[in-house]
Structures are given as structure tokens and as C-alpha cells.
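Just below is one structure, and these are the notes that go with it.
2 protein chains.
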Amino acid sequence: MGSVVLTRDEVKKVIDLKETIDAVRNVYKLKSEGKAVIWPLVNYEFIDEHAAMDIRSGYIKGEQLHGLKMLNNFPENREKGLPPFNGIMMVYDSNTGMPIGIMDASYVTCMRTGAAGALGVDLLARKDARVLTVLGAGKQAPFQIAATLTLRPEIEKVYIVDPLSMEAAERFAEGITDLLKADFDMDASRVEFAASGAEEAVRNSDAIITVTPSRKPIIMKEWVKPGTHFSCLGSDMETKQEIESSISAEARIFTDDKAQCIRVGEIEIPIKEGVIKEDDIAGEIGDVIAGSISGRTDDEQITLFDATGLYILDLVTAKTAIVRAKETGIGADIEF
Amino acid sequence: MGSVVLTRDEVKKVIDLKETIDAVRNVYKLKSEGKAVIWPLVNYEFIDEHAAMDIRSGYIKGEQLHGLKMLNNFPENREKGLPPFNGIMMVYDSNTGMPIGIMDASYVTCMRTGAAGALGVDLLARKDARVLTVLGAGKQAPFQIAATLTLRPEIEKVYIVDPLSMEAAERFAEGITDLLKADFDMDASRVEFAASGAEEAVRNSDAIITVTPSRKPIIMKEWVKPGTHFSCLGSDMETKQEIESSISAEARIFTDDKAQCIRVGEIEIPIKEGVIKEDDIAGEIGDVIAGSISGRTDDEQITLFDATGLYILDLVTAKTAIVRAKETGIGADIEF
């Protein structure tokens, strides 16, 4: 009856990518069926510290789980030799309100975000998609690649684009095969990873995942070939935008949460500009998983999955970690 | 650099009533000086489980602490042999965003609530107050008594009133001296504890602390003698009210947080009834501690401290527990 308490390293040991993908797919479906509740976001900017925090929380009726995470973003920690992102999540049994797990939130967030982007690709990209671009060679990129290759093993080539530094993209492309082996036990030796400029990558890609914090569009409409899919994950705050509004205007659009995407997602700016309207959103990704709304309806269509991040994804991912930790005896067991 | 992790029993060992009172007094003052921020409350009712949860959070600039607690109230747990209240709080260093403590929230909540009620009595009751009434013989009552006797050792008599059960009040009155000794190492043998009906207790009291979840007034205006002080802690949700509106109408009123008390405190109903106006609130209790607003101005005055509970109180109380736990080696030390 105690709570499993897991550090970041322990979370990494007990969390599995395939299980995470299945859990995320299932919780999107539960949300579509009205069985999951996202509670209001609390956020704050620490002006003097040039830092920010947010509290995300929610409840999954289907699974009888609720909880929260606090994530702190203190970029100046890098200069202090401390991690810039810190946070802990708590998971409770919604039958009793008893805590069942407490763990570092950062690795869970990375894993569920990778699963989200990849599910967008798997559900909406053309069946014959072979070339992927990942825009943003940062911390999130390996998780996006690992999850997408898991769901779409036919992918042959992955362009790595870093809008700020070609050198970073090159370093990433050189190291990613080894990293996928080490961190995800994944053999990606058959996949070609190529650092590239944005235009060349986009012109040659069937699916594009964006994970930058950009506040102005990096991908231009004229580069996009018919039938391209976009999973946009970087825009999760007002004024962020990664792709030109005219791409959204033409796309069949899905969201992780309609209201949240309109407020802070990739579609925020196009909606504010009047380029698209709320009615132009085809549905939520969970509706596609549940089968209540069709995903891609045409091979020439541009599709867009706007994912702003939902705490219920963390919750189900953490649950898999708790189950595995109990099975393997990893982590502390504390009777609060 | 790790986080101290404390169970309820461990919190009890490292938390000290005097330290809690000092910490709470100080944080009320910091709030009055604009150095503390209460972040928005998140709450939810689990309809099928007849249960509720809330997430309270905040930031103290003066102390560079921020954090949150989730409290779950599952009354039906009693039938399952489980505690009805569960919750965990997390404390972070606001210079770095790193977690410094994670602990059971229920004992911290009890201690800081006791300190709050007692500070109201100490700051606002007449200097010659000798008789106290505690309305509500539940879990909160011993904390209120212990803290009030700490700050006002001249108190000679304490009436215990339980509006639902005289038997509960009698049992409480019989056991409280031993309980104060066992739980707070407090010798209260000089104090007379008497179970009583509400009217008799109120007619004879100089200070009254209310800690019931009542939704209709229990204390009537005609019983209240001039110069009485009220610390009202039970009303922390819309529609709760413990004392007749006409008492509030006559009182010099202080709040823990003005906006929150207007929304959910003891003064909510009188304000909605139009019996008092927002302008009738003299100030926040922190203003009295800071010396910017006078407390009681007259020995015949009725004074009222409306305390709805602020997470910043938990935060400073938890900080004392973290410091003591580190000194004594109590609890787990986990490097998240």
C-alpha cells in the first residue's frame, strides 16, 4: 500500500517506450470518450530568476488515476552546474485518494512527448511515408525519433534540422544511432540520419515533427510537398509558432486538446490572424484513435497534429513506471 | 542537495509547535509586505466516489520557497479502514527550482491551521482573556488548543463544544490534557477543560475558535458578550458559515487573504447578504503583524479573524520540518 518513489535514473530503468506509446494512445482515446479531465493549469514566472514553473494536473476516470506534476524551468541553472528542468510528479489512486507514486517528472515528460509526436505521424502520415524531418536537435529529438521508428519502422531517412546551428544538427546526426541503441535498445543502423537545412529537408519529407521553442515560423509553405504530415509539439505557449500559417490554413488539423491548442498551440497564431477558424479543426487525435473521426482522407492532403501536452499522458506513463518498479523492486517504497 | 522525504510519523517528529507559530506569523507579515504569492486554487469533486481534492500552491519571495500540496478528502475511506485525508506536499528552492522536500501534508496542515487560529486569538483577543471556546471537537481542535495555550498561557478555562454530539465533546474534554502532554509535550493541568452546549460556552468566553464544517450558523449574536474575539477557520468553501451574520456585521474583521475570504470564508455569506461590505474588512492579519493596521482598538469590540487557509503557511511550516529533519537525520534523503 506504500508509494513508489523514483529518481530520474530509476524512472529511466522502469519506463518502456512501447508501453508508453500504448498508454498514451489509450489515454487519448479515453479523453475522446469523455473519461479524462484536464484540470486548470497553474503557471508563474519568477521574474528575478528568469525562470518559470507550471503545475499540470488531471484525472482519468477510466483508469481511476489522478495527480499532478510541477515542472520548474530555470535556464540559468546551466551556469550553476544544475539541471535547468526540475520537477516531480505525484500519482494517486482515485478510488481512495491514496498516493501510489512519486517520481522525477522530466523523463516521463520526454517519453510521453515522444509518444505523442510519433502517434501523430503513425495516425496521420501517408502509409508509404519513408522520410522524416525532425526540426530541433535538442533534448526532445531522440524521443521523437525513437517513438516514430517504433511505430513506423519503414522510415528510411531522418533529416535533422537545427534552425540555430548546423553544427548541432551534424553532431546530433552523427550520434543518434548510438544513442538510440544505448537509451532505447533500438537498432537503427538501417536508417540514414542527415543533418540538413530546413528547406531541403522539408522538400524531401513525408512527415515532419517540430520540437523547437520558436516564436516565428521556420518552415515555409512553398517547401511543403502534397501529402506531408506535421506533428507540431514545440508551440505550447502563447506567441510560439513553428510553421507558416498558410500551412495550417491548408491542413486537415487535429489537436490533443482543442481549447488548449487554440490558446497556446501551433494553431493559436493562425486562428488569431483569421487564417483558420475554430471550425476548421477536424477533431482531437483521440477521436481518430476512437474511430469517431477519420484521420487523413486523401494522399495529397497536408495533415497537422497540434500537441500542446496533457498531464493525463504523464499520468498513464507514470503508471506503467509504477507497475514495473513494483515488479522489479526498483525505487524506494514509502508509506506516507 | 537531495530532497528530504518524510512520512506522517516522521513529520510529527520533526515539526515543532513554537517554530510553526513563528514561521506562520512571519509569513503572514511577508504576505502583507507583498513578498508572498498565492497561486490559483485547483479543486475537483469526484462525484461517484463522494470525494474531493484540491491543489494549493504558492511562492514566498522573502524565503525563496515555492511548492504545492494536493489534499484528497475521501470520507468513505473510513469504512475501508483507510485515512479519509491524504495528501503530499512538495517544497522547492526558488533560486534553482530544485526540490528540497516532499512530505505527508496532513500533519503540516493541522499544525499551521492551529498556529493560524491561535495567532488570531493572540493578536486580537483582549489582553485579559481567560476563557476560550473551541467549537468543533474534531481533528483540528487539539492543534487549536495547543497553539493558543502556547501564545496565551493565561487562559484558565477551555469550553469544548460539539454541535453534533455532547458525548464527543465530553470524551474530548476528558482526554485533551493527556493528549496535549503526549503530542505537544505540554503541561495543561492548570487549565480546566469543560464540555458544554454552545450557548453557555459562548456567553462565558473571551475568545472563540470555530473549526466545524457547518453550513448554517451555530453561534448566535445574542450569546456573544462585548469584547469577544472569534477566529473562524471552519468556513473554507462556498456556503459554509459558523457564526450568525449579525456577529460579522458588528465585528472588526481581519482576513488571512481578503479575496479568498470574500469568496469562501466566514464572511462570504454576510457579504452576499449585504450585511457587510468589502470595505468593512479592516485588513489582513499580516497587516496587524506588520504594524500597518491596528488590531483591536477597543476592549468592548467584537473582533473576527477569518482564516481560510493559505498554502504559504504550509510552505514555511514544511521548511522548519526539512531543516530539523536534516539536523536529526530523520526521513529519507532522495536525489531526484
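Those protein sequence lines, which keep their order, are chains F and A. Per our numbering, residue 2 is the first one in the first sequence, and the count goes up by one each step. Per our numbering, residue 2 is the first one in the second sequence, and the count goes up by one each step. Backbone N, C-alpha and C define an ideal beta-carbon position, used for all residues, glycine too. Keep in mind it's a predicted model, so treat the numbers as computed, not measured.
Starting from residue i, find everything on chain A with Cβ-Cβ shorter than 9 Å and list it in chain order.
i, result
"F/Ala189", "Neighbours of F/Ala189 on chain A: none; closest Cβ ~30 Å, over 9 Å."
"F/Ile323", "Simply none; closest approach about 15 Å."
"F/Ile56", "Trp40, Val43, Ile56, Ser58, Leu69"
Report yes if the C-beta distance between residue i and residue j is below 8 Å; otherwise report no.
i, j, result
"A/Ile22", "A/Ala148", "yes"
"F/Phe75", "F/Ala52", "yes"
"F/Arg204", "F/Lys226", "yes"
"F/Leu66", "F/Lys320", "yes"
"A/Tyr29", "A/Gly296", "no"
"F/Asp334", "F/Cys233", "no"
"F/Ile331", "F/Glu11", "yes"
"A/Val317", "A/Glu64", "yes"
"A/Ala117", "A/Val162", "no"
"F/Asp123", "F/Leu165", "no"
"F/Leu69", "F/Met54", "no"
"A/Leu136", "A/Ile219", "yes"
Taking C-beta pairs closer than 7 Å, name the residues in chain A that residue i reaches, listed in chain order.
i, result
"F/Met167", "By Cβ distance, chain A contributes nothing, its closest Cβ being about 31 Å from F/Met167, past 7 Å."
"F/Ala52", "Gly98"
Determine the DSSP secondary structure at residue i, reduced to helix, strand or coil.
i, result
"A/Asp280", "helix"
"A/Asn74", "strand"
"F/Asp237", "coil"
"A/Val159", "strand"
"A/Met187", "coil"
"A/Asp94", "strand"
"F/Ser293", "coil"
"A/Asp179", "helix"
"F/Pro143", "helix"
"A/Thr309", "coil"
"F/Glu46", "strand"
"A/Ala208", "strand"
"A/Ile331", "coil"
"F/Ser58", "strand"
"A/Ile260", "According to the sequence provided, residue 260 of chain A is Ala. The question's Ile does not apply to it. DSSP places A/Ala260 in helix when its eight states are reduced to three."
"A/Leu165", "coil"
"F/Thr134", "strand"
"A/Met112", "helix"
"A/Pro1", "In the structure displayed, chain A extends from 2 to 337; residue 1 of chain A sits before or after that span and is not available."
"F/Thr21", "helix"
"F/Arg253", "strand"
"A/Gly88", "strand"
"A/Ile248", "helix"
"A/Val225", "coil"
"F/Leu69", "strand"
"A/Ile103", "strand"
Please list, in chain order, the chain A residues whose beta carbon lies closer than 8 Å to that of residue i.
i, result
"F/Thr8", "Ile335, Glu336, Phe337"
Would you kindly work out how many angstroms separate the C-alpha atoms of residue i and residue j, rounded to a whole number?
i, j, result
"F/Ser95", "F/Ala195", "46 Å"
"F/Val109", "A/Val265", "36 Å"
"A/Val25", "F/Ile270", "45 Å"
"A/Pro84", "F/Met99", "9 Å"
"A/Asp186", "A/Thr229", "29 Å"
"A/Arg79", "A/Asp17", "28 Å"
"F/Cys262", "F/Val38", "16 Å"
"F/Asp281", "F/Phe255", "10 Å"
"A/Pro143", "A/Leu125", "21 Å"
"F/Phe231", "F/Met167", "22 Å"
"F/Met112", "A/Leu180", "49 Å"
"A/Gln145", "F/Arg216", "53 Å"
"A/Glu50", "A/Gly82", "16 Å"
"F/Arg191", "F/Glu155", "10 Å"
"A/Pro214", "A/Gly35", "31 Å"
"F/Asp129", "F/Val276", "30 Å"
"A/Ser33", "A/Asp257", "10 Å"
List the residues of chain F whose Cβ lies closer than 9 Å to the Cβ of residue i, in chain order.
i, result
"A/Met221", "The contacting residues do not exist; A/Met221 stays about 36 Å from chain F at best."
Could you run through the segment 34 to 46 of chain F and flag, in chain order, every residue whose CB is less than 8 Å away from some CB of chain A? If the cut-off is 8 Å between Cβ atoms, the segment 34 to 46 of chain F has Val38, Trp40, Pro41, Val43, Tyr45 near chain A.
Which residues, taken in chain order from the segment 91 to 111 of chain F, show a beta carbon closer than 7 Å to some beta carbon of chain A? Only Met91, Tyr93, Ser95, Asn96, Thr97, Gly98, Met99, Pro100, Ile103, Asp105 from the segment 91 to 111 of chain F bring a Cβ to less than 7 Å from some Cβ of chain A.
Just by C-beta distance, which residues in the segment 60 to 72 of chain F are closer than 8 Å to chain A? For the segment 60 to 72 of chain F, the set of residues with a beta-carbon nearer than 8 Å to any beta-carbon of chain A comprises Tyr60, His67, Gly68, Leu69, Met71, in chain order.
Using a beta-carbon distance cut-off of less than 9 Å, what residues from the segment 72 to 89 of chain F approach chain A? Taking 9 Å as the upper bound on Cβ-Cβ separation, chain A lies near residues Leu72, Asn73, Asn74, Phe75, Glu77, Asn78, Lys81, Leu83, Pro84, Pro85, Phe86, Asn87, Gly88, Ile89 of the segment 72 to 89 of chain F.
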